[in-house]
Structure formats: C-alpha cells, structure tokens
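Trainee: Chains as they are written, first to last, in the working numbering: chain A, 1 to 98; chain B, 1 to 495. Backbone N, C-alpha and C define an ideal beta-carbon position, used for all residues, glycine too. Note that the structure is a prediction, hence the values are computed from the model and not measured. Attaching a single structure in structure tokens format; questions to follow.
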C-alpha cells in the first residue's frame, strides 16, 4: 500500500506545514520506504501485552501548591514575533465574514 | 601551561583549587583553542566570550575569598543548543528559533552555574535533536576532529566534537535514541545517557518527551561521572523527574577490578551489518573484562530487533505533537504575516519555511502514525513492543549485572554519505535505542581504533543503577589505557 503524494499533502495540512511541490515529490517515496521499514512491528505477536507510554512508571505526581512569581511580562514578550499593548500580537484568527 | 586544553576536567578543577591555574586562564585557553580550530570543526553555534570570562572571574574571586569550590569549578563546558540559558541564543539547530533568547535558565544550566562550571557556548546539533550526523543543523554540519571529512555523530555532534577537538574538556548532550552515545562512540569519547528521570528536562526543548534525557560527554569516565553527579537529582519543575538520590557514580568510576561482576553480551546486537573492525575491538574489550575478573556470558533479548522500528513510530509521534508549539505566535520565526493571511496560514507558512527536511519528515511520519485508522497498527503496536523490550531487559538482568554491545555498527561515515537515505541513517542508532525505550542508563566508551577511527563499547544497566556503568567503564578504561600507555585521545591527529 504505497503512500501517495495526496496523502502527504493531507498530512501536511493536518500538521500546518507548507510543503513545496518538490518537497511533496521527495517525501512521498521516502515516507513509503520508512513506513515499510517501521511496519515490521506488526510481526510481533503482542495481543495481550499492555502498552508502555513511559519508561519509568510514575503516578499522581503532586507538589505543594505554593504561590510563586510568574515570568515578568516584559521577559515573556521579549522573544515574540510581534507585540502590541503589552500583549502578543497575532494575525487574525477568524475569517472576514465570521 | 600550554597543554591546559588537554587536561581532564578533574585535573583542571584540581589545578584551579590548588591555585596552580586560574579559572580565567583555563577559560581563555578554551576560547583560544576555539578561535584556532572551530572554523574547521563548527562545533559551536554561539561562543559566549563575555559570559564565560565573567563566570571564570567569579570562580577565581570565590577561591581568593577562601570559599569551598565544587569538583568542576572553573572547568569550561560546551552546552548543546537544545537547553535554554539566559544571555545566549537557543536555536536547537533550527531556523525557526534563529536569534531567540530564552527568558529563563534550564535546571541543568542553573546547576552548572551554581557549581562554577564555565559555560563557553552553545554546541551545534541536528535540528531539534533529530539525526545521527549533525548534518541536519540549519547552521552547517559539524565535522569529526579525527577526520574532518567524516561526521561527528548526532544529534549531539557539536558537543562531542568540542570535547574531541580539545575545545572544552566536557560537554552536555541529550540522548533520545542514542544522541549522546553514538557521537561519543565515533569521536572517541565517554558519553552517558542517565536513567530516564535522573536528570531534569526542565528547559530542554522537547523532541520526544518519553525518551529525551540529558547527560555528560567527556574524555574520561571520571570526568563523565563528575558532570553526571553535578546535573543529576530531583527537580520539582520536571514532573517526570524521580525522587531518588542519584547513584554514587563518582566513587564507582574509581573501580579497578570486576570480580564477581556478571556481564551479558546481547546476541541480537552483533553479526551481519557490523564492521569487522568494530567486532574485533568489541571482542578485544570482552577479553579485557574477563581479565579484570568479570564473568562474560551471552544473553538473548529477542525483541531488540524490533526496537528500531518501534522507536521510529514512537519518537516521530511524540515529535509531531511537541513541535506544535512552534506556531509563530509567541516566540521565534514568523513568516507571511502580510495583514491578509490568517493565523493558521501564517503558522503553516512559518513552519514550512522554518523547519528543515528531517524535521518535516518526522512530523509527517508522526502525524501518519497517530492518524485514525493507523493508530492501533503503528503507534499502539509500537508501545506494546516497547513493553516487550523492557521485559527482555528485566529477564536479562535476572542473570547478569550489565549488558554490553558495540555502540554503533560502524565507525564514523563520510559527510553526505547517508543524507538522502533516511533509513540507512536511522540504522546508526540500532544498538542504542533499546535503552531509551526501556529507560535504563547506558554508556559508550572508546575501546580502540578500526581503520584509524574510534570504536565505541556500550554498557547498559537497569534503571537507577547508573553506578554500574561507571564501575565497569572505569575499570575497562584503566585497563585499556595501561595497555596502550597513553590516553585514548592522544591518538587523534593534530588539528
């Protein structure tokens, strides 16, 4: 089951990743080879085996609820691409007709 | 003291503590060496001259005031550019963070500063720590000091090359699938991935959160132990950090015999695909271990053969989620904000322009593996395989104290040799990935040369038994050096 160029374009849209035509042409065959290689995990009979999400099991990690000073606003904004009125300035998030 | 740059970290710190050398002199020696050789190596993305000199002067002031200094005070260090450190840019080897100055220090950085370690600068790396050759850096590849036509390994290639080129005696790297141990192996260094949770990840820009772990690179086992002890310990700012006292790694590194130690050779990490020279040096080292009193047996870990495919499903899945934070809104690059384009379009353009080919490949692969309809077959199955790999380790550790293998199947390959063949590149991490999936600690140390290039020997131990790595590694290093008659790095060609 080969990965098509259209599937890569769809995955790129899901990932919010602009890809050029050249990148789509390169990625489709590469992903096909990589997925063929990693699909070997299916050979393992692992029906009843519980999944591991984390190497060292830890549950319910709590710490004392102590008030700490937060990052000063100027520091938090210092690396922002755009700032206005002490806030992050972002492109519009709604369509014009919404 | 013209050879200060060749001092171990332990010797540098001892000379500073004894007043035979100032921290300023040690730091200036490192800066001079970088000025002399780094145009050929490209180990550093940023050299913090003023910050390093100020940190060195502070160590000298504390010594003059009679304050007690830690065992690494005044020692220059290269910090992988995946950690936040105030006063220096953090790029992760990516265009998307070019010129970004972080607003806080990583916990590792706070600990290093408190210990008087002099952070010289930020070391080059594969973009977002994805790669095995440092060729995926947006700022040009790092070169192997043993042969500048060859790769220094990755993703911590800048950290490894800095130490192998005598720019700094020690460095910090990170290891998600082998990114400390593989560069250590191909540059002839000692590199350690501590037990997952043993070293704080706060301020480490995440690639694959369930696998990432920071650790030391050094020229000697003792130096690695000193750095490991400096950065280890519980951190309330990292919820995956464990509340256990760090293992006594420095004392373990001083061991010189291995009587009663049971060592298991992993059958599945040998054979076809491993260089003849790598196999020969590995066998030599096993004989040395027997001579030191260890009992060496072969063990089987049948699911290790599936570690690589499981890793290349789990790590890209986690990366596709983690790298969502690079959204052009709060920090880093923003492209195409022309007043017309909406936020999603700007985000899409920025990520397309800011990420390099390997990062894009892994985001797409991870998004695919997590897609509905494929999730159970890929990501879910990989997590089950991860359990089986942990069970293989557990069964082996009922019979032996540590497991060993070659660190890498081959010596350093040539730049450009594998850039267009991702699957061939991924094979570089064949032997190192099982420890990341199971969480246990592992070390690579040099055991000789093949074709004039370093060969690494990997030691793996159960979680929280990091001291076993240092016990076996310390004894093996001492025996090999006694036979050789000089430190391993003396065999590296002059730069």
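Can you tell me whether residue 4 (chain A) is buried or exposed, with buried defined as 16 or more other CB within 10 angstroms of its CB?
Mentor: Exposed, because fewer than 16 other Cβ atoms sit within 10 Å of the Cβ of residue 4 (chain A).
Trainee: Would you give the residue range spanned by the beta strand (DSSP E) that residue 451 (chain B) belongs to?
Mentor: Per DSSP, residue 451 (chain B) belongs to no beta strand (DSSP E) and is neither H nor E.
Trainee: Could you give the DSSP three-state label for residue 156 (chain B): helix, strand or coil?
Mentor: Residue 156 (chain B) falls in the coil class under three-state DSSP.
Trainee: According to the Cβ coordinates, are residue 412 (chain B) and residue 192 (chain B) closer than 9 Å?
Mentor: Cβ distance not < 9 Å, so residue 412 (chain B) and residue 192 (chain B) don't count as in contact.
Trainee: Using alpha carbons as the reference points, say which of B:377, B:214 and B:431 lies closest to residue 301 (chain B).
Mentor: Checked all of B:377, B:214 and B:431; the closest Cα to residue 301 (chain B) is B:431.
Trainee: Grouping DSSP H, G and I as helix and E and B as strand, with all else coil, what is residue 144 (chain B)?
Mentor: Three-state result, residue 144 (chain B): strand.
Trainee: Are the C-beta of residue 4 (chain A) and some C-beta of chain B separated by less than 9 Å?
Mentor: Residue 4 (chain A) does not count as touching chain B.
Trainee: Hey, out of B:277, B:383, B:330 and B:263, whose CA is closest to residue 476 (chain B)'s CA?
Mentor: It is B:263 whose Cα lies nearest to the Cα of residue 476 (chain B).
Trainee: What residues from the segment 35 to 59 of chain A come within 8 Å of chain B, judged by C-beta to C-beta, listed N to C?
Mentor: Taking 8 Å as the Cβ-Cβ cut-off against chain B, the residues of the segment 35 to 59 of chain A that qualify are 35, 37, 38, 39, 40, 41, 42, 43, 44, 46, 49, 50, 51, 52, 53, 54, 55, 56 and 58.
Trainee: With distances taken between CB atoms, is the gap from residue 225 (chain B) to residue 253 (chain B) smaller than 9 Å?
Mentor: Closer than 9 Å, so yes.
Trainee: Assuming residue 22 (chain A) is part of the alpha helix (DSSP H), what are its boundary residues?
Mentor: Looking at the DSSP string, the run of the alpha helix (DSSP H) that includes residue 22 (chain A) is 21 to 38.
Trainee: Does the beta-carbon of residue 473 (chain B) have 16 or more other beta-carbons within 10 angstroms, so that it is buried, or is it exposed?
Mentor: Looking at its Cβ environment, which holds 16 or more other Cβ atoms inside 10 Å, residue 473 (chain B) is buried.
Trainee: Count the other C-beta atoms from every protein chain shown that fall within 10 angstroms of the C-beta of residue 44 (chain A), then say buried if there are 16 or more, exposed otherwise.
Mentor: Residue 44 (chain A) comes out buried.
Trainee: Within 9 Å of any Cβ in chain A, is that where the Cβ of residue 255 (chain B) sits?
Mentor: Not an interface residue.
Trainee: Along chain B, in chain order, which residues have C-beta atoms closer than 7 Å to that of residue 33 (chain A)?
Mentor: Under the 7 Å cutoff, chain B gives 423.
Trainee: Count the other C-beta atoms from every protein chain shown that fall within 10 angstroms of the C-beta of residue 166 (chain B), then say buried if there are 16 or more, exposed otherwise.
Mentor: Buried, by the Cβ-count rule.
Trainee: Find the nearest neighbour of residue 59 (chain A) within the set B:242, B:70, B:102 and B:219, judged by alpha-carbon distance.
Mentor: Nearest C-alpha to residue 59 (chain A): B:242.
Trainee: Are residue 80 (chain B) and residue 174 (chain B) touching if we call contact CB-CB under 9 Å?
Mentor: Against a cut-off of 9 Å, the Cβ pair of residue 174 (chain B) and residue 80 (chain B) comes out as a contact.
Trainee: According to DSSP, residue 298 (chain B) sits in a beta bridge with which residue or residues?
Mentor: Per DSSP, B:265.
Trainee: Does the beta-carbon of residue 85 (chain A) have 16 or more other beta-carbons within 10 angstroms, so that it is buried, or is it exposed?
Mentor: Exposed, since its Cβ has fewer than 16 Cβ neighbours within 10 Å.
Trainee: To the nearest angstrom, how far is it from the Cα of residue 52 (chain B) to the Cα of residue 35 (chain B)?
Mentor: Cα to Cα, the separation comes out at about 14 Å.
Trainee: Pick from B:275, B:288 and B:195: whose alpha carbon is nearest that of residue 249 (chain B)?
Mentor: It is B:195.
Trainee: Please work out which residues of its chain come closer than 8 Å, Cβ to Cβ, to residue 497 (chain B), disregarding the five sequence neighbours upstream and downstream, and give them in chain order.
Mentor: Only positions 1 to 495 of chain B appear in this structure, which leaves residue 497 (chain B) out of reach.
Trainee: I need the straight-line Cα distance from residue 23 (chain B) to residue 15 (chain B), nearest angstrom please.
Mentor: Going by the C-alpha atoms only, they are around 9 Å apart.
Trainee: Does the beta carbon of residue 344 (chain B) come closer than 9 Å to any beta carbon on chain E?
Mentor: The structure shown contains no chain E; the protein chains it does contain are A and B.
Trainee: With 9 Å set as the bound, which would you pick, yes or no: does the beta-carbon of residue 23 (chain A) sit closer than that to a beta-carbon of chain B?
Mentor: With 9 Å as the cut-off, residue 23 (chain A) counts as an interface residue toward chain B.
Trainee: Excluding the 5 residues preceding and the 5 following residue 337 (chain B) in the sequence, name in chain order all residues of the same chain whose CB lies nearer than 7 Å to its CB.
Mentor: Cβ neighbours of residue 337 (chain B) beyond the five flanking positions: 346.
Trainee: Taking only beta-carbon atoms, is residue 382 (chain B) less than 9 Å away from chain A?
Mentor: It does: the Cβ of residue 382 (chain B) has a partner Cβ on chain A nearer than 9 Å.
Trainee: Which residues in the same chain have their Cβ closer than 7 Å to the Cβ of residue 271 (chain B), if we skip the five residues on either side of it in sequence?
Mentor: Nothing listed; no residue qualifies.
Trainee: Please list the partners that residue 15 (chain A) has in chain B, where partner means a Cβ-to-Cβ separation under 7 Å.
Mentor: The contacting residues are 320, 363, 364 and 367.
Trainee: Could you tell me if residue 1 (chain B) is buried or exposed, where buried requires 16 or more neighbouring beta carbons within 10 angstroms of its beta carbon?
Mentor: The pLDDT assigned to residue 1 (chain B) is 45, lower than 50, so where the model puts this residue is not dependable, and the model offers no usable value.
Trainee: Using a Cβ-Cβ cut-off of 8 Å (strictly less than) and excluding sequence neighbours within five positions of residue 386 (chain B), which residues of its own chain qualify?
Mentor: Answer for residue 386 (chain B): 310, 314, 437 and 438, listed in chain order.
Trainee: How about residue 1 (chain B): is its C-beta nearer than 9 Å to some C-beta of chain A?
Mentor: Low per-residue confidence applies at residue 1 (chain B): pLDDT is 45, beneath 50, and the placement is therefore not dependable enough to give any value.
Trainee: Rounded to whole angstroms, what's the CA-CA distance from residue 41 (chain A) to residue 384 (chain B)? Just pull it up for me.
Mentor: Those two C-alpha atoms are separated by around 9 Å.
Trainee: Can you tell me which of the three DSSP states residue 427 (chain B) falls into?
Mentor: Helix.
Trainee: Mind pulling the chain B residues with CB within less than 8 Å of residue 79 (chain A)?
Mentor: Within 8 Å Cβ-Cβ: 100, 101, 102, 103, 330, 331 and 332.
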